Amino acid sequence: MDTFARVSACVRAVQVRAGLQPPTLGLVLGSGLGAFADALTDRVVVPYAELPDFPKSSVQGHAGQLVVGNHHGVRVVAMQGRVHFYEGYAPWQVVLPVRVLCRLGVKALLVTNAAGGINTSFRAGDLMALTDHLNLTGWNPLVGPNDEQAGPRFPDMSHAYDPTLLQVLRGAAKAEGVALKEGVYAGLSGPSYETPAEIRMLRTLGADAVGMSTVGEVIAAAHLGVKVTGISCITNLAAGLSAQKLSHDEVAETANRVKDVFSRLVSRFLDDAAKVL
Ligand code: HPA
60 MDTFARVSAC VRAVQVRAGL QPPTLGLVLG SGLGAFADAL TDRVVVPYAE LPDFPKSSVQ
120 GHAGQLVVGN HHGVRVVAMQ GRVHFYEGYA PWQVVLPVRV LCRLGVKALL VTNAAGGINT
180 SFRAGDLMAL TDHLNLTGWN PLVGPNDEQA GPRFPDMSHA YDPTLLQVLR GAAKAEGVAL
240 KEGVYAGLSG PSYETPAEIR MLRTLGADAV GMSTVGEVIA AAHLGVKVTG ISCITNLAAG
300 LSAQKLSHDE VAETANRVKD VFSRLVSRFL DDAAKVL
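First residue of the sequence shown? That's 60 in my numbering, and the numbers climb one at a time after it.
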């Protein structure tokens, strides 16, 4: 079966459960950031296990379900947890859930993740709006025959992070009193954290934060012509920038500590974005 048919099968399965009305916004909630979807009203929860070909997350802090619901009257669909290339999934599997969100008809996608801070002005617990990314994963979800029904062979990535939505995100942060940082996200495959030398290299390349997700999803969304904006939760200082050893426990702890601020920012962003979409 080709990817288009697989995505179609998942879209139908979600619509059978949640109805045909297209959601306005899609959310990808990363490590420890899934709680936001628990607050949606009229929730319909679809476990990934119930969707054909959907990959199942093996990482702690990733619930592994789609939540369709309303936020202040705006219909949204959220991925509570994602899968990563390092779990052993093929690129098409990593981006299948995002393609399903896009094909459900969302007008925009908010991607979120946990990331290590490379910019020396960042502190653990900061939130960073993604202005752009560096795809250093070594893979691209569009490799292979191009699906002309989905999008062009060579999609433009000049505005992969939509300038208008970034402006909305800045406004939402201001209104909520959140000191939102901004920067370039470097996506690597993982799963080992970076060495201090790699972090120095990434800083030289122009990265402000580093993580193991997101870039493939953003490429898949750009291919489908869906606008994207992104928020990283800086869960730790990147390797070599603090005396502390890097651990997933620290990542999970920080994400948990900022989840209320994160939820306020996302909530205000959804309110404001819905008005311009
Ligand atoms: N490096 C890569 N991925 C991450 C990090 C990091 O320091 N923190 C959270 N995700």
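Think of the CB as a built atom: it goes at the ideal place given N, C-alpha and C, for glycine as much as any other residue. Quick caveat, the model's predicted, so the values are computed rather than measured.
Ignore the nearest five residues each way along the sequence and tell me which others in residue i's own chain have a CB closer than 6 Å to its CB.
i, result
"P250", "Y145"
"R323", "E235"
"L169", "L86, T288"
"F328", "L228, A231"
"A68", "P111"
Could you give the first and the last residue of the continuous alpha helix (DSSP H) run that contains residue i?
i, result
"H218", "Where H218 is concerned, there is no enclosing alpha helix (DSSP H), given that its DSSP letter is neither H nor E."
"P150", "150-162"
"K318", "318-335"
"M260", "255-264"
"T62", "62-77"
Would you check whether the ligand HPA has a heavy atom nearer than 7 Å to the C-beta of residue i?
i, result
"A256", "no"
"V269", "yes"
"Y252", "yes"
"N178", "no"
"T196", "no"
"V310", "yes"
"N295", "yes"
"G249", "yes"
"G203", "no"
"G140", "no"
"G242", "no"
"A174", "yes"
"L305", "yes"
Tell me which residues share the same chain as residue i and place their Cβ nearer than 8 Å to its Cβ, disregarding the 5 neighbours each side in the sequence.
i, result
"M216", "I278, A281"
"K166", "T83, L84, V285, K286, L336"
"K115", "Y107, A108, G123, V142"
"D206", "D61, T62, F63"
"T171", "L86, V87, L88, G89, L92, G289, I290, S291, C292, F321, V325"
"P81", "R134, L163, G164, V165"
"G197", "S248"
"V73", "V105, L110, L125, V127, V136, V159, L163"
Using a Cβ-Cβ distance under 8 Å, would residue i count as near chain C?
i, result
"F181", "Structure shown: chain C not included; a single protein chain is present."
What do you reckon, are the CB atoms on residue i and residue j nearer than 8 Å?
i, j, result
"V153", "G284", "no"
"L193", "A245", "yes"
"A298", "T254", "yes"
"A173", "T294", "yes"
"F181", "K233", "no"
"G242", "A268", "yes"
"L305", "Y252", "yes"
"R102", "G128", "yes"
"F113", "P156", "yes"
"A256", "L225", "no"
"V337", "R158", "Because residue 337 is not part of the residues shown, which for the chain are 60 to 336, the question remains open."
"L296", "G147", "no"
"A302", "I177", "no"
"W151", "P200", "yes"
"L186", "V75", "no"
Would you mind reading off the limits of the beta strand (DSSP E) that contains residue i?
i, result
"A281", "Per DSSP, A281 belongs to no beta strand (DSSP E); it is in the alpha helix (DSSP H), 274-282."
"V269", "268-270"
"L193", "186-194"
"K166", "K166 -> no beta strand (DSSP E), and no H or E assigned at all."
"K286", "286-296"
Within its chain, find whatever has a CB closer than 7 Å to the CB of residue i; leave out the 5 residues flanking it on each side and keep chain order.
i, result
"A332", "L84, A167, L224, V227"
(request) Identify every run of the beta strand (DSSP E) within the region 89-132, keeping only runs that are complete inside it and at least 3 residues long; order them along the chain. (result) 100-106, 124-130
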